[in-house]
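Residue numbers (our numbering): 48 to 233.
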């Protein structure tokens, strides 16, 4: 992740409160079919919940004006995140901030923002880019599912080594007469 200082003072523009901390990070993402694009992440910490409540919209407006408006790739417009750190915060304020749909995705992290950028980057990376996906303990096969839920189709397919063009009408007829009802294929 790269720390960008170019827009920091502009992001803070028109906000009068003590001890406002703002960092702007960029993360390059390689995508097989889209090449490379940049995710912009703005991290903020206000000194009080009141300051956050009074000024979070101005931060978001400034991010839209000074950061988002300069993005060229369409995919980058939808990958702008504003992260607010606040240790003690009312759940209604969290909801109001995170449910706001204007310009960027907003996230409230209920902790103080670390002093060094490496720790901030680590928290952000864990929140945005790393997923803990659990592997399923059980395995299943399509044949098992079909044998239980679509018996006629299962019986039709299990005896065929491959499906030929002349088999299509029979398969369509079976699918259209399935037990769950409705025409599946025209």
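Idealized CB from N, CA, C, for every residue including glycine. Given the structure is predicted, the values throughout are model-derived calculations rather than measurements.
Scanning 169, 175, 217, 222 for the CA closest to the CA of residue 193 turns up 222. Within the same chain, Cβ atoms closer than 7 Å to the Cβ of residue 70 are found at 50, 90, 164, 167, the five residues on either side in sequence being excluded.
Annotation for residue 156: the continuous beta strand (DSSP E) segment containing it runs 152-156. Listed as beta-bridge partners of residue 211 by DSSP are no residues whatsoever. Within the model, the alpha-carbon separation for residue 125 versus residue 151 is close to 7 Å. Taken through DSSP and simplified to helix, strand or coil, residue 116 comes out as helix. Secondary structure at residue 90: strand, using DSSP grouped into helix, strand and coil.
In the DSSP assignment, residue 56 falls within the unbroken alpha helix (DSSP H) covering 55-58.
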